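In this note's numbering, the protein residues as written are 25 to 163.
We treat Cβ as the ideally placed atom computed from N, Cα and C, and that holds for glycine.
Bear in mind the structure is a predicted one, so any value in this text is a computation, not a measurement.
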């Protein structure tokens, strides 16, 4: 069973690596940070950044890599990540935020990009965190 599990993991890791390489080749994305743990003490938000890097035109891009379903709340995750990085001087709040989904389509591994560009996301995240704190405190 261990060999079977390792084989499956190796195959999926190889497929995800192939899809990630396609994304980097197509966009020219060059990572500058990977798996970076950070926090924002004012809002008590901590996270691990999957990737922060540069595009060929000089713009920064913050990427959260996904291998499963797309959800609307993913944009709040990248908003929180941008807030943390910005607070520590590692990026601007206007950084390009996106999920890169590594997916299999028609037997081939590739990627899709889901850009998060709603300027309300940081505010929504901030209010959601405060609502959760109030809920914990008063219920």
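Residue i: buried (16+ other C-beta within 10 angstroms of its C-beta) or exposed?
i          : result
residue 58 : exposed
residue 30 : Per-residue confidence for residue 30 stands at a pLDDT of 43, beneath the threshold of 50, marking its modelled position as unreliable; no derived number is given.
residue 90 : buried
residue 8  : With the chain covering only 25 through 163, there is no way to say anything about residue 8.
Between the C-alpha atoms of residue i and residue j, what's the straight-line distance to the nearest angstrom?
i           : j           : result
residue 32  : residue 38  : Summary for residue 32: the model assigns pLDDT 39, below 50, so the residue's position carries little reliability, and this model does not support an answer.
residue 136 : residue 81  : 20 angstroms
residue 25  : residue 92  : Note on residue 25: pLDDT 39, under 50, position unreliable in the model; no value is reported.
residue 163 : residue 94  : 31 angstroms
residue 71  : residue 128 : 27 angstroms
residue 41  : residue 52  : 16 angstroms
residue 156 : residue 67  : 12 angstroms
residue 110 : residue 46  : 28 angstroms
residue 61  : residue 132 : 32 angstroms
residue 54  : residue 161 : 43 angstroms
To the nearest whole angstrom, what separates the beta carbons of residue i and residue j, a pair I think is in contact under 8 angstroms?
i           : j           : result
residue 78  : residue 84  : 6 angstroms
residue 149 : residue 115 : So it is not a contact: roughly 16 angstroms between Cβ atoms.
residue 102 : residue 140 : 5 angstroms
residue 88  : residue 123 : 5 angstroms
residue 73  : residue 105 : 5 angstroms
Grouping DSSP H, G and I as helix and E and B as strand, with all else coil, what is residue i?
i           : result
residue 39  : helix
residue 125 : strand
residue 111 : helix
residue 27  : Caution is warranted here: a pLDDT of 46 is assigned to residue 27, below 50, making its placement in the model unreliable, and the coordinate value is therefore given only provisionally. Helix at residue 27.
residue 162 : helix
Task: Ordered list of alpha helix (DSSP H) runs contained in the stretch 51-118, each at least 4 residues - done: With a minimum length of 4 residues, the continuous alpha helix (DSSP H) runs that stay inside the stretch 51-118 are 98-111.
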